[in-house]
Every structure is written in structure tokens, then in C-alpha cells.
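K.L.:
Dropping the structure in here first, questions after.
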């Protein structure tokens with residue numbers, strides 16, 4: 004992974020930066036000790052590592068503003084970081100940049116049941132929001148699998164999803180407002196406790212911008228009353244095609260389940276070997292379909308989905324009759340990643356989205372690609388919304404195998420785009436998929452995205468080297484090329 | 004009269020924008036023209052009429068995906084989705100009659116670009132939450148794409164959200180991809196009769212915070228309720244507070260029963276079945292009571308729901324107008340007597356006093372002359388205005404698209 008060449012001039016001024024930053028964030032809020040810096044050298048994508056020049060851990064918005072204004076004035080690059088759980092390297096440090104850690108922004112500022120929202124600082128974990136409102140029966144809907152550790156600020160930066168987002172939406176659909184700080188230190192509020200933007204939807208574009216546009220210092224999220232009942236079906240199919248047809252039939256019947264997950268044979272056997280929850284081992288695909296809501300609704304829909312499953316030829320079908328059974332159905336799915344970790348020294352988790360109809364073709368082709376390079380793939384899949392998580396099994400100790408796994412991953416994501424899908428459904432582009440962006444987007448598409456960056460950060464100081472394969476030069480992107488004042492299409496209908 | 008260019012396809016749109024750039028001409032983008040009364044009046048050299056781009060590029064019900072050209076008629080698209088039991092879940096409003104035009108003339112492009120959802124916006128999100136991808140031509144004359152054609156996608160910046168609700172000030176759209184969802188097979192509305200505005204806010208908050216899955220909540224003071232076309236509402240001769248439940252029949256039945264029971268102590272109740280429920284919520288979505296309207300002006304405010312009554316009662320009282328509350332109290336519609344500034348200063352002063360920046364007021368209807376001189380959209384704080392301007396310039400540096408539609412000089 005090629006990162007921007009470190010600027011020797013900046014590296015040489017490290018001591019000066021440290022002392023200036025200490026003047027803004029006193030005490031232990033500025034880390035420059037090499038051993039301590041090591042803790043920040045990677046995020047959840049551990050294949051890429053880089054020790055940052057300095058780590059700054061502010062505690063107030065004013066400090067964030069002054070740190071950014073200082074960095075702006077010095078041309079110093081800034082990598083914002085929440086809990087560091089990104090799976091795409093969004094918080095990978097730069098050798099000549101600072102890490103701006105928001106971990107100390109860890110307070111829940113307000114729970115407003117009357118307006119059904121919570122105002123929290125960005126370092127609060129995803130799960131802590133739900134825990135703070137659970138006593139009143141509420142919860143925060145987006146539930147990325149790292150929810151015990153990942154921060155809300157990071158969720159906003161990555162537009163995090165989870166297994167329930169088909170029905171309840173991604174972070175962006177549950178976000179009411181943010182306070183952000185721009186690279187020049189300007190503090191702005193976007194949204195609040197009301198609906199819809201007053202003008203352009205800047206909140207919508209800051210969410211999912213992977214730390215390239217602004218630093219989030221406060222977040223207002225929508226909270227929901229938890230559903231009264233949750234029940235799940237576990238269905239096994241002899242063919243992947245039949246499982247795919249079942250998913251399509253459920254949606255065609257007008258049902259949006261709370262969760263609809265698929266696992267393939269290798270993932271099933273790894274999970275069953277690990278947690279022994281009674282998954283059938285003689286099927287090619289396993290579906291977990293969860294329904295939630297009032298008991299009358301759930302009981303009704305369970306029967307409808309059962310009939311659909313039987314009609315699609317499910318060879319195995321169980322319905323949860325109590326919470327223990329339901330949790331048992333999920334236990335294997337939730338343990339799928341560590342389960343795969345037991346059967347392979349290393350694995351690499353991918354995150355493309357495809358139109359669901361293309362699933363059988365994509366699975367077949369993925370396995371061909373894997374066979375071709377001598378690797379195996381276990382598949383877990385948010386089947387409802389087409390979000391694939393192929394886990395590529397490899398051994399980093401074998402020379403060249405990591406490289407082979409990365410190449411296979413790139414081929415899989417390219418395949419996702421070829422069938423009409425996208426590179427990433429919920430993990431973000433980061434550094435991981437940066438160089439594949441040109442597979443999905445043409446030059447004009449990427450230029451327009453980079454122009455937006457210019458509106459927020461025209462010196463390119465916030466998280467450079469992420470998302471875009473080429474660094475933008477704002478002056479160049481801003482030029483309008485007029486075609487010699489000549490009308491090119493005189494045949495156009497004009498009245 | 005400015006001249007009109009009417010491109011036939013996406014390539015024509017790109018060449019038209021190129022031509023406009025070459026000739027230094029500005030463009031007013033229109034589809035069916037039914038939303039021209041929304042925003043500030045545009046004075047452009049050329050009308051770029053996108054109404055010939057009507058193609059449905061793909062509709063895949065099982066993938067929950069619809070891609071259409073911007074000139075496609077909303078009414079036709081909704082009929083097509085309805086045949087497969089699906090809908091645009093944000094409940095697209097039809098403001099045509101509000102501006103004195105016939106109903107049913109709106110296009111998908113106009114719907115997305117004006118970014119407004121109906122009562123179900125509260126629970127299902129707005130156009131911003133359902134628009135997944137855009138293809139268009141920017142102010143550099145370049146065709147570009149944003150987003151994708153799948154329901155779950157975080158690849159690159161979410162330009163689609165920025166373009167949704169941008170009133171055509173960022174690009175000329177040539178294709179829009181929307182998420183479509185199953186329509187509920189049953190619906191009912193629980194009606195609570197005779198509550199004060201204040202009491203209604205608190206009831207709606209309680210209902211929306213319950214596990215009854217209320218999909219929309221509105222309160223109509225007595226003068227509005229009397230003007231409804233739904234006989235059961237008129238017959239109450241009192242204010243009505245409305246809680247809509249949607250889903251499969253056994254679920255709706257159970258939830259209605261539970262909710263009615265919970266709220267029993269608050270006074271008399273009535274129940275609307277599916278058909279009446281649909282008719283009533285359409286009136287609420289379209290602000291049907293303020294249609295046509297002679298000399299009056301119409302405002303829509305978005306505030307934290309708990310602040311609804313404080314803003315509503317005060318403004319309606321001080322300015323001798325009528326109002327009703329959607330979005331659990333957070334979306335307030337006002338009809339006020341005509342005035343030189345459409346009461347903009349008064350409305351925004353009260354808004355600011357009650358919500359201190361957490362909300363906005365949009366002038367939904369006023370004569371062209373008034374909308375040309377007053378801010379139709381909430382004035383932005385200087386730093387936010389500057390950022391908004393920079394963003395707009397990165398899409399359209401020459402300001403050729405819908406100049407002045409959102410703010411003077413923007």
C-alpha cells in the first residue's frame with residue numbers, strides 16, 4: 004500500500020509541533036514517546052501499520068478547534084481516530100501526520116426521551132448508547148459487529164451498518180445532527196433534534212466521509228423503542244440458488260425482516276465446530292431470518308416465511324420458540340469470524356455489495372477464483388441487502404500468501420462491481436479499497452467527489468491517502484474547460 | 004421569455020450544459036414545472052426542460068431498486084410500484100394544488116431535488132434516505148455518477164444525499180436510483196378527540212416512544228379538522244390527534260387495541276379504517292387545507308417535536324393564521340394572511356426564540372415578488388453559509404444551474 008511520501012521538512016520540525024500542541028492540549032494529551040505511539044500504528048485492518056509522528060488526545064471542542072487551526076496553519080496532516088476498529092484502514096496513521104484521537108470525548112450529554120434522541124460525544128461506544136437508554140425500553144438501531152468497542156464518531160465517519168440495517172437503516176438514517184470542526188478550526192452544527200436540513204444536506208455527506216471532510220465532536224442520534232418480540236427461523240438449503248430464491252421470495256411477499264443472514268458450507272462447518280449450536284452440516288447454504296415487532300405480527304409473519312422456505316425447498320427448518328433458541332441460531336453466525344480464525348491462521352474479510360439475484364453466479368465465480376490461487380473462502384452474507392462478507396483464508400507466515408489473499412480480494416470486489424454492485428457496503432474504502440475506486444467510478448465521478456473535498460479542505464490535510472487513489476489538486480479540479488464557444492450539438496431540440 | 008431547450012436523453016443534457024457554458028448562459032432546470040413555486044424565482048437565460056427524459060431504466064422489486072430518468076411522472080411511477088405492492092416509503096407529497104396547479108403533475112426529478120417527504124418521513128426517512136444514486140451533468144459540463152444501484156453502499160462520498168434536496172443547484176440529473184419498499188397491506192388511524200395542542204404533543208411523544216410502531220403522528224386543531232374531506236374527522240367538531248399504524252392486519256389490529264387502551268384516559272377516541280386513513284394522511288402530506296388560497300402565504304417549520312405547540316400556538320395566534328402539526332409535532336404547517344415580507348421576520352424571530360437554532364422555517368407559498376426579495380429557506384449562520392457556497396461552487400463554479408433558487412447569489 005503506497006501512502007503519500009512523508010515530507011522530510013515536516014518530520015524535521017517534530018519537536019516544534021509537539022511543544023505547540025502541548026500548549027493547546029496540556030498534560031498527557033500529547034503523545035510523542037515512541038513506545039506509546041506504537042499503540043496507534045494500526046486500526047482494525049492490522050495488515051497495514053505506520054507509526055504516527057504525534058498523537059493528540061484533546062478533551063474539549065475548543066482544543067480540537069485550536070489543534071486543527073494550528074495544523075492548518077503549519078500544513079500538518081491530521082488523521083482523526085475514534086476507537087480504531089475500522090476494517091478498511093480509515094485510521095491508518097501517516098509518518099508525517101498527527102493522530103487526532105477523540106477517545107476522551109466519552110460522555111453521553113443528554114438523553115431526550117420526549118424527542119426520542121440522544122446527544123453523545125463521539126468517543127462513546129455504539130453499545131453504550133443503547134445501554135444508556137435501555138432502562139426506558141429504547142435502543143440505538145445500527146449494530147455493527149464491533150459495537151462493544153467501536154465509537155459513535157467512527158460510526159458517523161464510516162456510515163456503519165450492521166445485521167439489522169435492512170429494516171432500520173445505516174448510521175446515516177439514524178443520525179439527526181452533528182457538531183463538526185473544519186480543518187481551519189471553524190465549529191459548525193449540522194442538523195439537531197429536528198428533521199431535514201435547512202438547505203444543502205451537509206450532514207448527509209459528512210456521514211460516511213471517512214474523516215476526510217471534518218472532525219465530529221458531538222452526535223445526535225435517533226433512539227427507538229425496542230421491539231416487543233424477536234423470533235427467528237433457521238433454514239438449510241441443498242443449493243445456494245434455492246436459498247437466494249427464498250430471500251427474494253420473502254421480500255417479494257412484502258416482508259422486510261429485521262435480519263436476513265446467509266452462510267455457506269465452509270462458514271457453517273467452521274461455526275458449528277466452534278460453538279456447536281446444532282447447525283445442519285449437510286446443506287450448502289444456511290439462512291437465519293429474524294422477525295421483530297408485536298407478538299401478533301411476528302407470529303403471523305413467521306408462518307408466512309415458513310411457507311416460503313418450504314416452497315423454496317428448505318431441507319432443514321427450525322423456528323425459535325424462546326429467546327435461548329433464537330440466540331442459539333445467531334450464536335454461530337456471530338462467532339463466524341473467530342470460528343474461521345480457528346480453521347485458518349489468518350483471514351481477510353471483504354465487504355462488497357451485489358444485487359442479490361447475482362449471488363449464485365458470484366459465489367461460483369469466487370470459488371473458481373479461490374481455487375485458481377489455492378486459497379479457500381468462507382462466506383457470510385447480509386442476504387437481505389446483498390452485502391457480502393467473504394472471508395479469505397490464508398497463512399501470513401507462508402511467503403507471498405498475504406499478497407495472494409489481497410489479490411483475490413481485489414478480484415472479488417471487481418467481480419462485485421461487474422455484476423452491478425459496489426466495493427463496500429459498510430466497512431468503508433479507507434486505504435484497503437482505495438486503489439480499486441477506479442473500478443467502480445470513472446474519472447469524472449471521482450473528480451466530483453474530490454471537488455467536494457476541496458470545499459471542506461482545499462489543502463488536503465484531513466486524512467490524505469485514504470479513499471482516493473490520487474491526491475487532489477484543488478486548483479486543477481476547479482477549472483472549467485469551455486469548448487471554444489462553439490455549439491456542439493446544433494440538432495438539439497430548442498423552442 | 005427565455006428560450007427553452009428540451010433534451011431527449013442524457014447525452015443531450017450534457018451537450019446542452021456544455022453549450023450553456025460556452026455561451027455563458029444560465030439554466031433553469033424543470034421537469035413537469037409543478038414545483039416552480041418552491042424556492043426563490045429563478046431568472047435564467049434558458050429553460051432546460053427535462054420532461055422528455057421519462058425512461059424507467061430498471062425496476063427490480065426483489066432488489067428493492069428503481070432507476071428512472073428525472074422526467075418520469077411520479078403518479079405513473081407510483082402506479083407501477085403499486086402493481087407490485089411497493090411504494091416510495093417517504094410518502095411523496097403533491098404540492099401542485101398548494102400552488103394552485105392541478106394535482107398529479109410532478110416528476111421524480113422534482114420530487115428528489117426538492118427533497119421533501121410526507122407524514123411517514125418521521126418513521127421511514129425522507130427522499131434523502133431513499134435516494135441511492137444519481138447520474139447527472141455538473142456545472143463543468145461533465146457527466147458523472149454518484150452512489151450506486153444497491154441498497155447498501157458506503158463507497159466514496161455520499162454525493163447523492165447532497166444532490167437530493169439541492170433544488171437543482173448542483174447538477175442537471177439524468178438518472179435517479181431509488182430504494183423502493185413493500186407497501187403495508189393494512190393501515191388504521193387512531194383518533195383522539197379534543198386535546199389541546201400542548202396535550203397533543205405529549206400524547207404523540209408517548210405514542211411514538213411506545214412499541215406500537217406508530218408510522219406517523221399529527222394533530223389538527225379544530226379549525227383544520229373541520230375542513231377535512233374525511234367525514235369522520237369533520238364529524239368530531241373538535242381538534243383531532245392522529246396516530247397511524249401500518250402493517251399486516253393482525254399486527255395493526257393488535258397494536259390499535261393496545262394503543263387505544265393505553266391512551267383511554269385521555270378522552271374520546273375514534274378509529275379510521277384503511278381507506279379513510281389513506282385519504283386523511285394525503286391531506287396532511289399535501290397541506291390540502293391551504294390549497295389555492297388567494298392572498299395567504301404558507302410556511303413549513305421543522306423543530307424538535309416537543310417544541311411544536313410552543314411555536315405553533317404562538318405564531319398562529321400572533322399572526323391570525325391557521326396551523327397544524329405533522330411529524331409528532333416537529334413539522335408545523337402555517338397559513339398566514341398575506342404580507343409584504345410574508346411575515347418572514349416575525350416567523351423567524353419566534354422560531355429563534357423558541358428553538359434557538361435547532362430548526363428552520365421554509366416559505367412554501369408566496370407571490371413571486373415576495374419570494375424574490377425574502378429568504379425562502381432559513382438564513383444560514385455565516386460559517387455554514389460560506390461552506391454551503393463553497394460546496395455549490397465545486398459542482399457549478401459558474402453558477403449556471405438555477406441561479407438564486409435557494410439563496411440570493413447561490
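Residue numbers (our numbering), protein chains in the order written: chain A, 4 to 498; chain B, 4 to 413. We put the CB at the ideal spot given by N, CA and C, even for glycine.
For residue 171 of chain B versus residue 24 of chain B, is the C-beta spacing smaller than 8 angstroms?
P.N.:
Contact: no.
K.L.:
DSSP has residue 293 of chain A in a bridge; who is on the other side?
P.N.:
A:235, A:262
K.L.:
Using a 10 Å radius around the Cβ and a threshold of 16 neighbouring Cβ atoms, would you call residue 110 of chain A buried or exposed?
P.N.:
exposed
K.L.:
For residue 46 of chain A and chain B, any beta-carbon pair shorter than 8 angstroms?
P.N.:
no
K.L.:
Who are the near neighbours of residue 338 of chain B in its chain, counting only those whose CB is closer than 6 angstroms to its CB and skipping five residues on each side?
P.N.:
293, 299, 301, 324, 325
K.L.:
Looking at the C-beta of residue 2 of chain A, does it have a partner C-beta in chain B at a distance below 8 angstroms?
P.N.:
The structure shown has nothing for residue 2 of chain A, since chain A only spans 4 to 498.
K.L.:
Specify, as a first and last residue, the run of the alpha helix (DSSP H) that residue 3 of chain A falls within.
P.N.:
Only positions 4 to 498 of chain A appear in the structure, and residue 3 of chain A is not among them; the question remains open.
K.L.:
Identify, in the order they occur along the chain, each residue of the same chain with its Cβ nearer than 7 angstroms to the Cβ of residue 70 of chain A, setting aside the five sequence neighbours on each side.
P.N.:
24, 27, 28, 59, 61, 103
K.L.:
With distances taken between CB atoms, is the gap from residue 262 of chain A to residue 357 of chain A smaller than 8 angstroms?
P.N.:
no
K.L.:
Give the secondary structure of residue 410 of chain B by DSSP, where H, G and I count as helix, E and B as strand, and everything else as coil.
P.N.:
coil
K.L.:
For the alpha helix (DSSP H) containing residue 393 of chain A, list its first residue and its last residue.
P.N.:
Where residue 393 of chain A is concerned, there is no enclosing alpha helix (DSSP H), although the beta strand (DSSP E) it sits in stretches over 390 to 397.
K.L.:
Below 8 angstroms between beta carbons: does that hold for residue 437 of chain A and residue 322 of chain A?
P.N.:
no
K.L.:
Residue 233 of chain B and residue 282 of chain B: beta carbons closer than 8 angstroms?
P.N.:
yes
K.L.:
Can you have a look at residue 324 of chain A and say buried or exposed, based on whether 16 or more other CB atoms are within 10 angstroms of its CB?
P.N.:
exposed
K.L.:
Excluding the 5 residues preceding and the 5 following residue 81 of chain B in the sequence, name in chain order all residues of the same chain whose CB lies nearer than 8 angstroms to its CB.
P.N.:
90, 91, 95
K.L.:
Going by alpha carbons, who is nearest to residue 254 of chain B out of A:301, A:278, A:271?
P.N.:
A:301
K.L.:
Quick one: what does DSSP say residue 379 of chain B is sitting in, helix, strand or coil?
P.N.:
coil
K.L.:
Fully enclosed by the segment 93 to 125 of chain B, which beta strand (DSSP E) runs are 3 residues long or longer?
P.N.:
none
K.L.:
So if I threshold CB-CB distances at 7 angstroms, which residues from the segment 101 to 117 of chain A count as touching chain B?
P.N.:
116, 117
K.L.:
So the beta strand (DSSP E) residue 147 of chain B belongs to, where does it begin and stop?
P.N.:
Where residue 147 of chain B is concerned, the enclosing beta strand (DSSP E) stretches over 146 to 150.
K.L.:
Pick out the complete beta strand (DSSP E) segments inside the segment 288 to 333 of chain B, 3 residues or longer, and give them in chain order.
P.N.:
300 to 305, 325 to 329
K.L.:
Counting only C-beta atoms, is residue 250 of chain B closer than 8 angstroms to chain A at any point?
P.N.:
yes
K.L.:
By the three-class DSSP mapping on this structure, what secondary structure does residue 367 of chain B have?
P.N.:
strand
K.L.:
Touch check for the segment 231 to 248 of chain A and the segment 281 to 293 of chain A: three-plus C-beta pairs under 8 angstroms?
P.N.:
yes
K.L.:
Quick one: Cα of residue 314 of chain B to Cα of residue 447 of chain A, how far?
P.N.:
Distance between residue 314 of chain B and residue 447 of chain A, taken at the CA atoms: about 46 angstroms.
K.L.:
Mind listing the chain B neighbours of residue 204 of chain A? Cutoff is C-beta to C-beta under 7 angstroms, in chain order.
P.N.:
131, 164, 165, 167, 168
K.L.:
Out of A:98, A:156, A:146, A:148, which one is the CA nearest neighbour of residue 106 of chain A?
P.N.:
A:156
K.L.:
Do residue 188 of chain A and residue 72 of chain A have their CB atoms nearer than 8 angstroms?
P.N.:
yes
K.L.:
Look at the alpha carbon of residue 228 of chain A and the alpha carbon of residue 117 of chain B, and state the distance between them as a whole number of angstroms.
P.N.:
Those two C-alpha atoms are separated by around 31 angstroms.
K.L.:
Residues of chain B with a CB under 7 angstroms from the CB of residue 196 of chain A: which are they?
P.N.:
Result: 307, 361.
K.L.:
If you run the structure through DSSP and keep just helix, strand and coil, what is residue 313 of chain A?
P.N.:
In the displayed model, residue 313 of chain A falls within a helix according to three-state DSSP.
K.L.:
Among the candidates A:68, A:428, A:251, A:298, whose CA atom is the shortest distance from the CA of residue 64 of chain B?
P.N.:
A:251
K.L.:
With DSSP as the reference, label residue 337 of chain B as helix, strand or coil.
P.N.:
Residue state, collapsed to three classes: strand.
K.L.:
Going along the segment 397 to 409 of chain B in order, which residues come within less than 8 angstroms of chain A, judged by CB to CB distance?
P.N.:
397, 398, 400, 401, 409
K.L.:
Sorted by chain position, which residues of the same chain lie with C-beta nearer than 6 angstroms to residue 420 of chain A's C-beta, five sequence neighbours on each side aside?
P.N.:
442, 443
K.L.:
Mind checking residue 150 of chain A: buried by the 16 CB within 10 Å criterion, or exposed?
P.N.:
buried
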